[in-house]
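J.: For the sequence shown, my numbering assigns the number 294 to the initial residue and increments by one for each residue that follows. The C-beta atom is built at its ideal place from N, Cα and C for all residues, glycine as well. Since we're looking at a predicted model, the values are computed, not measured. To start, I am sharing the structure in question, which I have written as structure tokens.
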Amino acid sequence: MSIRIVVKNNTWFDSVSLMSISTKANKLEGVEQAFVAMATEMNKGVLENLGLLTPELEAAKNGDLMIVIKGASDEANEATLQAIEALFTHKDKGGRHEARYATLASAKTHIPESNLAVISVNGLYAAREARQALENDLNVMLFSDNVSIEDELALKQLAHEKGLLMMGPDCGTAIINGTALCFGNAVRRGNIGIIGASGTGSQELSVRIHEFGGGISQLIGTGGAI
294 MSIRIVVKNN TWFDSVSLMS ISTKANKLEG VEQAFVAMAT EMNKGVLENL GLLTPELEAA
354 KNGDLMIVIK GASDEANEAT LQAIEALFTH KDKGGRHEAR YATLASAKTH IPESNLAVIS
414 VNGLYAAREA RQALENDLNV MLFSDNVSIE DELALKQLAH EKGLLMMGPD CGTAIINGTA
474 LCFGNAVRRG NIGIIGASGT GSQELSVRIH EFGGGISQLI GTGGAI
């Protein structure tokens with residue numbers, strides 16, 4: 294058995310992308326365990342439970358990317374690492390064309406009817422981006438975590454003052470006006486509303502309601518600790 298560890302300094306990806314890459318990597322031949330994640334304390338705890346936390350990984354910063362591969366051989370691990378690198382650089386070759394904007398203000402200018410921002414950035418910058426969105430009169434779904442209690446409280450107070458919805462931080466599930474956001478499920482619209490701190494619990498409940506013939510009016514994720 295062989296273990297390969299790579300730490301990429303100041304390299305950030307959102308957790309949804311990293312979970313997808315980890316899932317694909319774990320299906321590769323010769324892989325016993327592949328773990329691709331940001332170097333947060335929570336993720337380091339997972340590695341410790343797996344018996345894979347090393348001093349190098351323990352020293353990694355919150356904004357660093359960790360790639361940990363436990364495989365049959367050094368050769369197998371190298372092949373897995375190359376496959377993971379390819380997943381990071383893979384581009385969608387479909388025929389879709391999407392408008393992209395460098396700043397939130399630019400997006401708001403070009404899409405003035407927009408009223409909600411989904412934010413997934415490094416936790417160091419999440420509060421700043423959420424505040425900017427609120428100041429631009431946008432409701433916010435803040436997927437990012439690692440936001441301080443003080444920042445979370447300030448954001449929710451600002452949202453309350455402006456009459457806006459502030460979901461999160463660490464909010465991964467919502468259904469707003471029939472549209473599923475992030476990990477929300479495609480379910481029937483109806484007259485039952487859900488507000489929950491647990492994303493998976495809210496998902497499960499919405500699906501059960503759908504299966505029993507009911508529907509969801511709104512599913513609002515609170516996220517965070519407040």
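Mind checking whether LEU435 and ILE404 have CB atoms under 7 Å apart?
T.: Numbered from 1 along the sequence shown, position 142 holds the residue referred to as residue 435. Numbered from 1 along the sequence shown, position 111 holds the residue referred to as residue 404. No; because the gap between Cβ atoms is not below 7 Å, this pair is not in contact.
J.: When burial is assigned at 16 or more other CB atoms within 10 Å of the CB, is SER437 buried or exposed?
T.: On the sequence shown, residue 437 is found 144 positions in, with the first residue counted as 1. The residue in question, SER437, is buried, as its Cβ has 16 or more Cβ neighbours within 10 Å.
J.: In whole angstroms, what is the alpha-carbon distance linking ILE362 and ARG297?
T.: As a working mapping, residue 362 is identified with position 69 in the sequence shown. As a working mapping, residue 297 is identified with position 4 in the sequence shown. Answer to the nearest angstrom: the Cα atoms are 5 Å apart.
J.: Examine the Cβ distances between the region 438 to 457 and the region 467 to 480 and report whether three or more of them are shorter than 8 Å.
T.: They do not touch, by the three-pair rule.
J.: Using a Cβ-Cβ cut-off of 7 Å, state whether GLU371 counts as contacting chain B.
T.: In the displayed structure, chain B is absent; only one protein chain is listed.
J.: Whole beta strand (DSSP E) runs in the region 460 to 501 with 3 or more residues, listed along the chain?
T.: Here the runs fully enclosed are 466 to 469, 472 to 475 and 482 to 489.
J.: Which of the three DSSP states, helix, strand or coil, is assigned to HIS295?
T.: Here residue 295 refers to the residue found at position 2 of the sequence shown. Correcting the residue type first, residue 295 is Ser in the shown sequence and not His. Looking at SER295 - three-state DSSP - the assignment turns out to be strand.
J.: Exposed or buried, LEU417, counting other C-beta atoms within 10 Å across all chains shown (16 or more means buried)?
T.: In the sequence shown, counting from the first residue as 1, residue 417 sits at position 124. Result: exposed.
J.: Just to confirm my understanding: we take LEU350, look at its own chain, exclude 5 residues before and 5 after, and list those with CB closer than 8 Å. What are they?
T.: What you label residue 350 is simply residue 57 of the sequence shown in a count that begins at 1. Closer than 8 Å at Cβ, skipping near neighbours: ILE298, VAL300, ALA332, LYS337, LEU340, MET359 and VAL361.
J.: Across the region 509 to 517 and the region 480 to 499, are there enough close Cβ pairs to call them in contact, namely three or more that are closer than 8 Å?
T.: With the cut-off at 8 Å, the region 509 to 517 and the region 480 to 499 touch.
J.: Output the residue ranges of the alpha helix (DSSP H) runs that lie fully inside the region 358 to 444 and measure 4 residues or longer, sorted by chain position.
T.: Counting only runs of 4 or more, we get 367 to 382, 397 to 403 and 416 to 428.
J.: Which same chain residues, not among the five before or five after ASP444, have their C-beta less than 6 Å away from its C-beta?
T.: In the sequence shown, residue 444 corresponds to position 151, counting from 1. Within the same chain, ASP444 has close Cβ partners ALA420.
J.: Just grab the DSSP bridge partners of PHE328 for me.
T.: As a working note, residue 328 is residue 35 in the sequence shown. BP columns for PHE328 point to VAL361.
J.: List the DSSP bridge partners of LYS301.
T.: By one-based count along the sequence shown, residue 301 stands at place 8. Bridge partners of LYS301: LEU358.
J.: Output the distance between the C-alpha atoms of THR304 and HIS383, rounded to the nearest integer angstrom.
T.: As a working note, residue 304 is residue 11 in the sequence shown. As a working note, residue 383 is residue 90 in the sequence shown. One C-alpha to the other measures close to 16 Å.
J.: Going by C-alpha distance, which of ASN415, ALA447, ILE442 and LEU498 is nearest ALA467?
T.: Residue mapping note: residue 467 aligns to position 174 of the sequence shown, counting from 1. If we check each option's Cα against that of ALA467, LEU498 comes out closest.
J.: If you count every other CB in all the chains shown that lies within 10 Å of the CB of VAL440, and 16 or more means buried, which is it?
T.: Taking the sequence shown and counting its residues from 1, the one referred to as residue 440 is at position 147. Classification of VAL440: buried, given that the 10 Å Cβ count is 16 or more.
J.: DSSP has LEU512 in a bridge; who is on the other side?
T.: The residue given as residue 512 occupies position 219 in the sequence shown. Paired residues: ILE468 and ILE487.
J.: Less than 7 Å between C-beta atoms, sequence neighbours within five positions excluded: which residues of the same chain meet that for THR347?
T.: As a working note, residue 347 is residue 54 in the sequence shown. Cβ within range, chain order: ILE298.
J.: What does a CB cutoff of less than 6 Å around ALA507 pick up in its chain, not counting 5 residues either side in sequence?
T.: Working through the sequence shown from its first residue, we reach residue 507 at position 214. The displayed chain sequence assigns Gly, not Ala, to residue 507. Counting only Cβ-Cβ distances below 6 Å, and skipping sequence neighbours, we find GLY483 and ILE485.
J.: In three-state terms, what does DSSP make of LYS317?
T.: Taking the first residue of the sequence shown as 1, we reach residue 317 at position 24. Three-state result, LYS317: helix.
J.: Just to confirm my understanding: we take GLN496, look at its own chain, exclude 5 residues before and 5 after, and list those with CB closer than 6 Å. What are they?
T.: Here the question's residue 496 lines up with position 203 in the sequence shown. Result list for GLN496: THR466 and ASN478, in chain order.
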